[in-house]
Amino acid sequence: MGKSSKSFKIITLGCKVNQYESVYFNETFTGAGWHQARVDEPGDVVVVNTCVVTQKAAHQSRQAIRKAIRENPCGCVAAVGCYAQTAPGELAEIAGLGLIADNRMKMEVPGSLIKGRSSARMTVLLREYEPCTPFDSFEIRSFPGRARAYLKIQDGCQSFCTYCIVPFTRGPYRSLAPERVLHMLKVLSEQGFMEVVLTGIHLGMYGVDLGEGSDLVSLLRMVGREGLPLRIRLSSIEPNEIKPELIAMAASERWLCRHFHIPLQSGDGRILKMMRRKYDAPDFAALIESLHSAIPDVCIGVDVMSGFPGEDSGAHRNTLSLVRDLPLSYLHVFPFSPRPGTVAEKLKGRVDPGIIKERAAELRGIGRKKRDLFYRSCLGKEFQVIGEGRDPEAPGLMKGRSDNYLPVLYPPGQRGEGEPVQVILHGIQGGRLRGSVLD
Ligand code: SF4
């Protein structure tokens with residue numbers, strides 16, 4: 352690429368869907384002949400793909416925008432995505448920002464920046480969600496810099512859990528048509544990807560907008576029939592949307608990763624109701640037990656929130672004992688943070704921030720033990736691992752992931768990054784599993 356071509360930078364915060372959409376930005380700029388600016392080089396445009404899921408994420412988004420303006424004084428900085436959807440007025444007050452675009456207008460962003468802005472004034476691209484808002488597919492051709500690709504197949508959430516801002520930022524349920532999913536999987540497979548993570552804002556609602564008979568299980572059946580040389584991982588999925596057919600499929604089909612990431616949030620029935628979650632603690636326990644008994648060596652990761660308003664010590668104990676008793680593999684613990692515009696922001700019974708921190712630490716401690724137990728339960732067993740490159744912290748070794756999400760270190764052989772190897776696990780080293788290659 353000639354030095355005279357224009358340059359861009361993309362800064363991504365938040366979820367896998369944002370990361371996927373940032374790849375589309377990257378491809379669009381590159382396709383127009385632009386080049387990616389080095390970290391220490393100012394860019395002609397900088398796109399900050401924002402997140403507001405927690406107070407911390409919103410703060411980090413603002414910080415990233417301000418830093419981009421400081422470090423790229425002659426470039427155009429664009430703030431796009433969830434922050435722009437919820438608080439465009441706050442963004443408009445940031446001096447030096449060149450463009451604001453919400454999620455509905457996100458796909459227009461690279462085109463608008465490539466065409467160039469007509470004046471030095473801030474450009475604002477905002478559009479309300481409507482019930483028939485189409486699925487913006489952001490189709491990509493590759494997923495640079497990663498051994499596994501993400502594919503966004505679903506967008507939007509209409510659950511309105513009381514703590515969550517996402518339904519306001521991502522609009523109604525909409526899905527990528529099954530034939531387009533297959534097409535995209537073939538494209539990624541042809542690019543050499545051996546693993547694709549199907550992502551969505553509310554993945555378990557895949558297909559509700561596509562008519563009768565369209566759901567995640569029927570999509571996966573179609574994918575399985577294609578026999579593509581790649582494995583499929585599902586991103587986070589709600590507990591009440593993991594159907595027996597999906598469990599049976601993960602138990603019997605090698606191309607479907609034995610890995611479920613499930614948001615629990617609380618183990619207390621009263622708090623779950625206040626959160627407007629659609630299951631109770633016993634339902635959740637029954638689901639985990641059935642996943643564990645049906646799928647050998649399944650990895651079950653769980654999101655838990657500490658300190659939701661009204662969470663007294665009894666409710667916290669209920670969460671502790673639920674997660675302690677279940678065969679979970681890891682916990683992701685989030686301290687509650689009130690999001691403006693949600694029901695929970697106005698709820699009485701706020702928990703003291705110091706107590707929220709203590710409870711989160713207690714849950715994280717259980718999470719560490721769960722992870723260790725899970726790793727130990729896999730020692731002496733064989734797994735297919737897809738290489739992710741040399742590990743800088745373990746010189747001379749490759750790192751990779753098994754289908755059940757174990758981080759594995761193994762000696763490099765003929766196979767490199769992105770390629771599968773069969774590995775037998777024999778130890779734990781620096782929080783990773785150590786294995787020998789079998790083939
Ligand atoms: S299901 Fe609940 S927690 Fe998940 S995105 Fe929708 S509203 Fe938020």
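In terms of my numbering, the sequence shown opens at residue 352 and continues consecutively.
For each residue, glycine too, the CB sits at the ideal point set by N, CA and C.
query, result
"Which of helix, strand or coil DSSP assigns to Thr474", "strand"
"At least three beta-carbon pairs within less than 8 Å, the region 406-415 to the region 356-365", "yes"
"Close-in-space but distant-in-sequence residues of the same chain around Ala487 (CB under 6 Å, 5 per side omitted)", "Inspection of the sequence shows that residue 487 is occupied by Asp rather than by Ala. These residues qualify, in order along the chain: Met458."
"Rounded straight-line distance, which links the Cα of Gly551 to that of Gly620", "27 Å"
"Per-residue burial, Lys360 [other beta carbons within 10 Å of its own, 16 or more giving buried]", "buried"
"Gln406 - containing alpha helix (DSSP H), residue span", "406-422"
"Beta-carbon gap between Val428 and Val396 smaller than 9 Å", "yes"
"Unbroken beta strand (DSSP E) run spanning Asp654, endpoints", "650-657"
"Three-state secondary structure assigned by DSSP to Asn755", "coil"
"Backbone secondary structure at Ser358 - three-state DSSP", "strand"
"Met352, DSSP secondary structure in three states", "With a pLDDT of only 47 at Met352, under 50, the local geometry of the prediction cannot be trusted, and the value read off the model is given with reservation. Coil, per DSSP."
"Closer than 8 Å: Cys729 CB and nearest ligand 1 heavy atom", "no"
"Cβ pair Ala419, Thr401 closer than 9 Å", "no"
"Glu733 - partner residues in DSSP beta bridges", "Ile775"
"Option nearest Glu752 by Cα separation, candidates Gln765, Glu481, Val772", "The residue you asked about is not Glu; residue 752 is Arg in the sequence shown. Closest option to Arg752, Cα to Cα, is Val772."
"Three-state class that DSSP yields for Leu364 in the structure shown", "coil"
"Selection from Pro523, Val548, Ser358 that minimises the alpha carbon distance to Phe511", "Pro523"
"Straight-line Cα distance separating Arg417 from Met352", "Low confidence applies to Met352: its pLDDT is 47, below 50, so where it sits in the model is not reliable, and the reading given next is rough at best. Their backbone Cα atoms lie some 29 Å apart in a straight line."
"Anticipated Cβ contact below 8 Å, Ser617 with Phe659, distance rounded", "6 Å"
"Alpha-carbon spacing of Leu338 relative to Arg710, whole angstroms", "Residue 338 falls outside the range modelled here, since the chain spans only 352 to 790, and no answer is possible."
"Under 9 Å between C-beta atoms of Leu571 and Leu607", "yes"
"Entirely enclosed alpha helix (DSSP H) segments - the region 565-635, minimum 4 residues", "567-577, 595-603, 620-626"
"Ser688: CB within 8 Å of a non-hydrogen atom of ligand 1", "no"
"Glu589 CB to nearest heavy atom of ligand 1 below 8 Å", "yes"
"Residue burial classification, Cys425 (beta-carbon count within 10 angstroms, cutoff 16)", "exposed"
"For Glu713, the nearest candidate out of Gly782, Glu422, Val655, Glu563 (CA to CA)", "Val655"
"Those residues, in chain order, that have a beta-carbon closer than 7 Å to some heavy atom of ligand 1", "Cys508, Ser510, Phe511, Cys512, Cys515, Val517, Pro518, Ile552, His553, Glu589, Pro614"
"Closest Cα partner of Val736 within the set Gly786, Ser493, Gly778", "Gly786"
"Simplified DSSP state of Gly740, which is helix, strand or coil", "strand"
"Neighbourhood of Tyr761 by C-beta, 6 Å cutoff - its chain only, sequence neighbours within 5 removed", "Met749, Val774, Gly786, Val788"
"Contact belief for Val538 with Ser586 at Cβ below 8 Å, rounded distance in angstroms", "Val538 to Ser586, Cβ: 19 Å. No contact."
"Burial state of Glu662, where buried means 16 or more other Cβ atoms lie within 10 Å", "buried"
"Same chain, Cβ closer than 6 Å to Gly778, neighbours up to 5 away in sequence not counted", "Arg785"
"Alpha carbon of Arg668 to alpha carbon of Ala645, nearest angstrom", "28 Å"
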